[in-house]
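Chains as they are written, first to last, in full-length UniProt numbering: chain A, 1 to 393; chain B, 1 to 343. Ideal placement from N, C-alpha and C gives every residue a C-beta, glycine not left out. Heads up, the thing below is written out as structure tokens.
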Amino acid sequence: MKTKSGFSRRALIAIGGAAMLVGPALAQAQTVKVGLILPMTGPFASTGRQIEAAAKLYIAQNGATVAGKTIELVIKDDTGTPDVTRRIAQELLVNDKVSFLAGFGLTPLAFAAAPLATQSKTPLIVMAAATSSITEQSPFVVRSSFTLPQITIGIADWASKNGIKKAMTLVSDYGPGIDAEKAFKERLTAAGGEVVGDVRVPLRNPDFSPFLQRVSDAKPDALFVFVPSGAGSQFMKQFVERGLDKSGIKLIATGDVTDDDIVDSMGDVALGTITTHHYSAAHPSPENKAFVEAFRKAANTRPNFMAVGGWDGMHLIYEALKKTNGATDGTALVEAMKGMSWVSPRGPVSIDPKTRDIVQNVYVRKVEKVNGELYNVEFSTFEAVPDPVKAAK
Amino acid sequence: MLNKLPEQPASTTEALSPAAFLQAKAAWRWPEILFWISAFGLILLLPNRHLLLNEIAILGLFALSLDLILGYAGIVSLGHAAFFGVGAYAAGLLSKHGISEPVTGLVLSGAIAGLTGFLASFMILRGSDLTRLMVTLGVALILHELANRLDWITGGADGLLGVTIGPIFGRFDFDFAGTTAYVYSLTTTFLLFLLARHVVQSPFGLSLKALKDNRLRASTIGIAPNRRLIAIYTLAAVYAGMAGALLTQTTQFVSLEVLDFARSADALLVLVIGGSGYLYGGLIGAVAFKLMKDVLSAMTPAYWIFWMGFILVILVLIGRDRLMAMLAKPFVPLLRLLGVRRP
Chain A
1 MKTKSGFSRR
11 ALIAIGGAAM
21 LVGPALAQAQ
31 TVKVGLILPM
41 TGPFASTGRQ
51 IEAAAKLYIA
61 QNGATVAGKT
71 IELVIKDDTG
81 TPDVTRRIAQ
91 ELLVNDKVSF
101 LAGFGLTPLA
111 FAAAPLATQS
121 KTPLIVMAAA
131 TSSITEQSPF
141 VVRSSFTLPQ
151 ITIGIADWAS
161 KNGIKKAMTL
171 VSDYGPGIDA
181 EKAFKERLTA
191 AGGEVVGDVR
201 VPLRNPDFSP
211 FLQRVSDAKP
221 DALFVFVPSG
231 AGSQFMKQFV
241 ERGLDKSGIK
251 LIATGDVTDD
261 DIVDSMGDVA
271 LGTITTHHYS
281 AAHPSPENKA
291 FVEAFRKAAN
301 TRPNFMAVGG
311 WDGMHLIYEA
321 LKKTNGATDG
331 TALVEAMKGM
341 SWVSPRGPVS
351 IDPKTRDIVQ
361 NVYVRKVEKV
371 NGELYNVEFS
381 TFEAVPDPVK
391 AAK
Chain B
1 MLNKLPEQPA
11 STTEALSPAA
21 FLQAKAAWRW
31 PEILFWISAF
41 GLILLLPNRH
51 LLLNEIAILG
61 LFALSLDLIL
71 GYAGIVSLGH
81 AAFFGVGAYA
91 AGLLSKHGIS
101 EPVTGLVLSG
111 AIAGLTGFLA
121 SFMILRGSDL
131 TRLMVTLGVA
141 LILHELANRL
151 DWITGGADGL
161 LGVTIGPIFG
171 RFDFDFAGTT
181 AYVYSLTTTF
191 LLFLLARHVV
201 QSPFGLSLKA
211 LKDNRLRAST
221 IGIAPNRRLI
231 AIYTLAAVYA
241 GMAGALLTQT
251 TQFVSLEVLD
261 FARSADALLV
271 LVIGGSGYLY
281 GGLIGAVAFK
291 LMKDVLSAMT
301 PAYWIFWMGF
311 ILVILVLIGR
321 DRLMAMLAKP
331 FVPLLRLLGV
341 RRP
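Structural data, given as structure tokens:
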């Protein structure tokens, strides 16, 4: 009797032990981890916060389960430093065994991580960085944000149609800025316009006043501006301080300058600024209304184009998993994403199967007051614009 | 316990010849041996964190390089990242243009950074601490802007693409978990540490300390300050350049951040945490700094910088020595048992 009970107890322990060993293994197989690497501190922290909030909101609204798998977000701060991004990406792949890498606030951060995506055959979703060439760094890069040339050619077209002959450009001195400058110049010159001067300002600690003096001396019809999201308010302030708003020089820009995050705090000086971009929180569609409302409730702020990049990035991950029935093979997931199309809060979008870059509408907008707050109100649309740099190749 | 090692009591040195005095100072003590055994032991003990350990080894080497000029020659620098960056870009460009064997690249990058340091050293010979601070800061800023402008060479603000690093000695490939990277960086750091230890305990090292304590007095007893400062500054630049090269080779990417002011400031912070003037300060500081960063940023990705600053303020207010003494208190009996009188 005694030996028997002793035996059964031992057996029980053994079974329990086995269950404990198998348990986590089973749970592991049911979880799909998404490594979200974002600048959460430093000068680009707002990018990180917007994307984080949007990604969490997507999971909250669509449920954490897709195709029988539970989605788990692993959020890491890379402080906007490429070597940290790379180390974190590598650790996420090795230790956390993530099936997706996502985020990437700035171009160099995406560049640093792209070779890892190729080596480990892991889909890498670029939710923010906007230099055209990022998707060429690895066949596993898919972009849910935008490219600078894509949104820039719209404003150049608008300018040439609206009687602007002589323009000057002012851009931040890094990849996307140079992309924007080039795209604007080519497009405007092709339409018969002329770029009479180009100014590049340093990316970090920008002081615009000496550059604005040059603009004021040159007296062009319009000044085209690109600065990354966040630097826009400082630019606007100095633009007014120099009296350029009253000099008759028309201010045209990419939507980054009058980003939804900051446009309201710029005050009335921003009124009337013409920009082109792929997203405005004022986009009149039921999808966007629901998105903005839910985002405001969750994050207590207005979503900007970073948030919509994060939202659509999560959508890509969910839909790809649905297509593969929950299989996490990287090659199959990227194949599933190619050619995918859906209606995003920003309007209809699709993933170009050849370039893995996003194809989307680009809107011409004007800063206006809506219910006492400043918004970018869309008044004209360029439909289904691909990345022009890669389309020309 | 790995704090400043006790000075030789004055009464015993009387009998020692200068050579014997130096030899006694150069003897290995057990905490040092323990430190290096555990550093190498982590290769086996922490297989998951080799990438972080690799970063720690590189930051440690960088801080060690700053310690050589700050702790031994008294040169305060806010722009040490200049040499780190030169080494990092040199390694990246070398690999891009044909020399992909890491050790060759490492040595060449160190030499290039050393040459830069040699040229820059003439500017720090004159002036007070504040002047030097500004000169070092200025050199780093100039190099940062140069790297930004010369984008057809450096890739500008986007970073240098296409860095491919071959296997070490054509045999050991850099693996995904970072094991090769850590072993490579740690071995480099260890070898360079041995050299630094030898240098600072040589008569040359002693004369540097004399210069640091009182330059006028040192020159009256026949120590020529300028040549010594140039030599140690150049050596420190070689070290910093090699640390930068290690970063490039183990991450296969270079960007402007290698020349950032924040990187110079980090090295100084590491020395504030670990202490300067005994070589281990940079290494211990790097361990503490990176671990703090890693743990805090994993807990609160958005607010960890606040806690980091908070801890640093506490550390400086209480004083490192007192804090260490408090932490070491429970271990005093154990240490006594092992034969250490003053931990």
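- Note that the C-beta distance between B:Q252 and B:F174 is below 9 Å.
- Distance check between B:I56 and each of B:G275, B:E101, B:A288, B:S297 places B:A288 closest, using alpha-carbon atoms only.
- Using a Cβ-Cβ distance cut-off of 8 Å, the segment 41-56 of chain A and the segment 300-317 of chain A are in contact, since at least three pairs of beta carbons, one from each stretch, lie closer than that value.
- For B:M292 and B:I112, the gap between their C-alpha atoms comes out near 33 Å.
- Within a 10 Å sphere around the beta-carbon of B:L327 sit fewer than 16 other beta-carbons, which makes this residue exposed.
- Contact check for A:F379 and A:K366: beta-carbon distance about 6 Å, within the 8 Å limit, so the pair qualifies.
- Contact with chain B is absent for A:V225, since none of that chain's Cβ atoms lies less than 9 Å from the residue's Cβ.
- Rounded to the nearest angstrom, the Cβ distance from A:Q90 to A:L116 is 6 Å, consistent with a contact under 8 Å.
- DSSP, read as helix, strand or coil, puts A:M168 in strand.
- Secondary structure at A:F379: strand, using DSSP grouped into helix, strand and coil.
- For A:Q360, the enclosing beta strand (DSSP E) starts and ends at 358-370.
- In the same chain as A:A384, and ignoring 5 residues on each side of it, the C-beta atoms closer than 6 Å to its own belong to V359, in chain order.
- Residue nearest to B:Y184 within the set B:E145, B:S17, B:L53 is B:L53 (criterion: CA-CA distance).
- Our two residues, B:G71 and B:A39, have alpha carbons roughly 23 Å apart in a direct line.
- In this structure, B:V76 places its C-beta atom within 9 Å of the C-beta atom of B:L133.
- If you draw a straight line from the Cα of B:W28 to the Cα of B:Q201, it is about 12 Å long.
- By the criterion of a C-beta distance shorter than 6 Å, B:G178 is surrounded in its chain by H50, L51, N54, once the five residues flanking it on both sides are discounted.
- A:A290 counts as exposed, since fewer than 16 other C-beta atoms from the protein chains shown sit within 10 angstroms of its C-beta.
- DSSP places A:P139 in the coil class of the three-state scheme, outside both helix and strand.
- In the DSSP assignment, no residue is bridged to A:A128.
- When the beta-carbon positions are compared, B:A63 and B:V270 come within less than 9 Å of each other.
- In this structure, the CA atom of A:P353 is about 19 Å from the CA atom of A:G347.
- For B:K209, the uninterrupted alpha helix (DSSP H) run begins and ends at 203-213, by DSSP.
- Against A:P82, the close residues of chain B are G159, F253, S255, E257, in the order they occur along the chain (beta-carbon pairs closer than 7 Å).
- Per DSSP, A:H277 is one residue of the beta strand (DSSP E) stretching across 274-277.
- One finds T251, F253 in chain B with Cβ atoms closer than 7 Å to the Cβ of A:R86, taken in chain order.
- By the 16-neighbour rule on beta-carbons within 10 angstroms, A:N62 is exposed.
- Here A:K165 has G193, E194, D221 as same chain residues with Cβ atoms under 7 Å from its own Cβ, once five neighbours each way along the sequence are excluded.
- Note on B:R217: under 16 other CB atoms within 10 angstroms of its CB, so exposed under the neighbour-count rule.
- With its beta carbon less than 9 Å from one in chain B, A:G175 belongs to the interface.
- Between B:L229 and B:I124, the gap from beta carbon to beta carbon is short of 9 Å.
- With respect to the 9 Å criterion, A:R302 and A:D261 are classified as neighbours on the basis of their beta carbons.
- Straight-line spacing of the CA atoms in A:A191 and A:K393 works out to 21 Å.
- Around A:N325, no beta-carbon contact reaches into chain B at under 9 Å, the shortest distance being about 28 Å.
- Under DSSP, B:R149 forms no beta bridge with any residue.
- Comparing alpha carbon positions, the residue from B:T234, B:A298, B:P203 closest to B:Q23 is B:P203.
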